[in-house]
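Asks:
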Amino acid sequence: MKNRLVVGNLKMHLLTIRERDRYLQSMRENLRNTVIRDVDIVLCPPALHIEAFFSVLEKQPIFLGAQNIFWERKGAYTGEISPAMMSSFGVRFCLVGHSERRNLLGETDNMIAKKAAHACEENMEVMLCVGEHPEERDRGIAEDRVRKQLRKSLAIFPKGKISHLSIVYEPIWSIGTGTTPETHEIARMGEIIRVAVGDIFGSGAGSYIRVLYGGSVTSQNIRRVCLEADMDGVLVGGSSLKPDEFIRVIKNICED
Ligand code: PGA
201 MKNRLVVGNL
211 KMHLLTIRER
221 DRYLQSMREN
231 LRNTVIRDVD
241 IVLCPPALHI
251 EAFFSVLEKQ
261 PIFLGAQNIF
271 WERKGAYTGE
281 ISPAMMSSFG
291 VRFCLVGHSE
301 RRNLLGETDN
311 MIAKKAAHAC
321 EENMEVMLCV
331 GEHPEERDRG
341 IAEDRVRKQL
351 RKSLAIFPKG
361 KISHLSIVYE
371 PIWSIGTGTT
381 PETHEIARMG
391 EIIRVAVGDI
401 FGSGAGSYIR
411 VLYGGSVTSQ
421 NIRRVCLEAD
431 MDGVLVGGSS
441 LKPDEFIRVI
451 KNICED
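This note's numbering applies: residue 201 is where the sequence shown begins, and numbers increase by one.
1) Please list the terminal residues of the continuous alpha helix (DSSP H) segment that includes G390.
2) Check whether the Cβ atoms of G208 and L243 lie closer than 8 Å to each other.
3) Report whether the distance from the Cβ of G265 to the nearest heavy atom of the ligand PGA is below 7 Å.
4) For L215, is the classification buried or exposed, using 16 other Cβ atoms within 10 angstroms of its Cβ as the cut-off for buried?
5) With D309 as the anchor, note down where its beta strand (DSSP E) starts and where it stops.
6) What separation, rounded to the nearest whole angstrom, lies between the Cα atoms of A313 and K348?
7) Go through the region 215-294 residue by residue and report every complete run of the beta strand (DSSP E) that reaches 3 residues or more, in order.
8) How big is the Cα-Cα spacing for Y408 and V368?
9) Among the residues of its own chain, which have a CB less than 6 Å from the CB of E300, if the five just before and after it don't count?
10) So, is S440 buried or exposed, given that buried needs 16 or more other C-beta atoms within 10 angstroms?
11) In angstroms with no decimal places, state the Cα-to-Cα distance between F270 and A429.
12) What does the alpha-carbon distance come out to for the pair H384 and I392?
13) Could you give the C-beta distance for R410 and K202, rounded to a whole number, given that I count them as a contact under 8 Å?
14) Only counting the same chain, and skipping five residues up and downstream in sequence, which positions put a Cβ closer than 8 Å to that of H298?
15) Among T308, I450, C426, which has the Cα closest to the Cα of A355?
16) In terms of alpha-carbon separation, which member of A316, G279, G275, M431 lies closest to F293?
17) Nearest-angstrom Cα distance between C320 and T418?
18) So, at 6 Å on beta carbons, what are the nonlocal neighbours of M227 in its own chain, with the 5 sequence-adjacent residues on each side left out?
19) So is S288 buried or exposed if we call it buried at 16+ other beta carbons inside 10 Å?
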């Protein structure tokens, strides 16, 4: 069985060098007193901070992740960063298709499919985010929505790389709101995701991937949204900005 995955998404926070250095120092101190068992930890800082995160956390049991990547290797793509560049800076994981990028920047399933396929060709671990809008939940079409996102976003993903794929279920209404689905709802969506991945790549494929939950995860609800819902990990936004709280989330998973 694969280790559980705990991913901190720092989004567009840590505005200054000072703020970043304080965060890193606190993370290092918190890690010093922590026993980590059967859990992989990933931190996704703003791209500007990746080098500093790498040099401070290099000897720590933490992988680095990109919040976003582009689908070409190099060239005239102003403002973009490729998986090859990320890899050369020590970044192993990348988020693809976060709802904030889909909704605020107009990322389509087609763009996300290209990003996911290219990132795994460059040997990155891909964490593909899916999830429904609140009105889709109200209309009872959340499951259809997630199946459709998976079908389109994985349309060109190479089958041979499936073990490098994680799917993150993030209901949009839960991100940053303090509201989470019931345990049984998360568990059911986890099952739907595994079946959908099996339908796309062939039966059995669903057991090779990790399925994560994201949306208002805290050290208080981690048992309910991850362990009891039988998920393979979590994507943590707000709670990852406080190193002591992020480490408590990890400890509570390790104690399972
Ligand atoms: P949140 O964010 O934990 O603050 O809800 C999760 C995410 O968007 O990745």
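Even for Gly, the Cβ is constructed at its ideal location relative to N, Cα and C. Computed from a prediction, not measured in an experiment: that's the story for all the values here.
Replies: Taking the definition as stated:
1) One-based indexing of the sequence shown puts residue 390 at position 190. 383-401 is the extent of the alpha helix (DSSP H) around G390.
2) For the purposes of this step, residue 208 is taken as residue 8 along the sequence shown, with counting starting at 1. For the purposes of this step, residue 243 is taken as residue 43 along the sequence shown, with counting starting at 1. Taking 8 Å as the Cβ cut-off, G208 and L243 qualify as a contacting pair.
3) Stepping through the sequence shown from its first residue, residue 265 is reached at position 65. Flag unset: Cβ of G265 not near the ligand PGA.
4) Looking up residue 215 in the sequence shown gives position 15. With fewer than 16 Cβ atoms within 10 Å of its Cβ, L215 is classed as exposed.
5) Locating residue 309 in the sequence shown gives position 109, where the first residue counts as 1. Segment 309-321 is the alpha helix (DSSP H) holding D309; no beta strand (DSSP E) there.
6) As a position in the sequence shown, residue 313 is number 113, starting the count at 1. As a position in the sequence shown, residue 348 is number 148, starting the count at 1. Spanning the two alpha carbons is a distance of roughly 12 Å.
7) 239-244, 262-266
8) Within the sequence shown, residue 408 is the residue found at index 208, counting from 1. Within the sequence shown, residue 368 is the residue found at index 168, counting from 1. Each residue's alpha carbon lies about 14 Å from the other.
9) Locating residue 300 in the sequence shown gives position 100, where the first residue counts as 1. Within the same chain, E300 has no close Cβ partners at all.
10) Your numbering for residue 440 matches position 240 in the sequence shown. Buried, because 16 or more other Cβ atoms sit within 10 Å of the Cβ of S440.
11) Along the sequence shown, read from residue 1 onward, the residue named residue 270 stands at position 70. Along the sequence shown, read from residue 1 onward, the residue named residue 429 stands at position 229. For F270 and A429, the distance between alpha carbons rounds to 33 Å.
12) Mapped onto the sequence shown, residue 384 falls at position 184. Mapped onto the sequence shown, residue 392 falls at position 192. Distance between the alpha carbons of H384 and I392: 12 Å.
13) Within the sequence shown, numbered from 1, the residue matching residue 410 stands at position 210. Within the sequence shown, numbered from 1, the residue matching residue 202 stands at position 2. So it is a contact: roughly 6 Å between Cβ atoms.
14) Translated into the one-based positions of the sequence shown, residue 298 becomes position 98. Cβ neighbours of H298 beyond the five flanking positions: N209, Q267, N268, C329, E370.
15) Counting from 1 along the sequence shown, the entry for residue 355 is found at position 155. Nearest C-alpha to A355: T308.
16) The sequence position of residue 293 within the sequence shown is 93, counting from 1. The option with the nearest alpha carbon to F293 is A316.
17) Stepping through the sequence shown from its first residue, residue 320 is reached at position 120. Stepping through the sequence shown from its first residue, residue 418 is reached at position 218. So the two alpha carbons sit approximately 30 Å from each other.
18) Position 27 of the sequence shown holds residue 227. Correct list, in chain order: P443.
19) Counted from its first residue, the sequence shown places residue 288 at position 88. Burial call: exposed.
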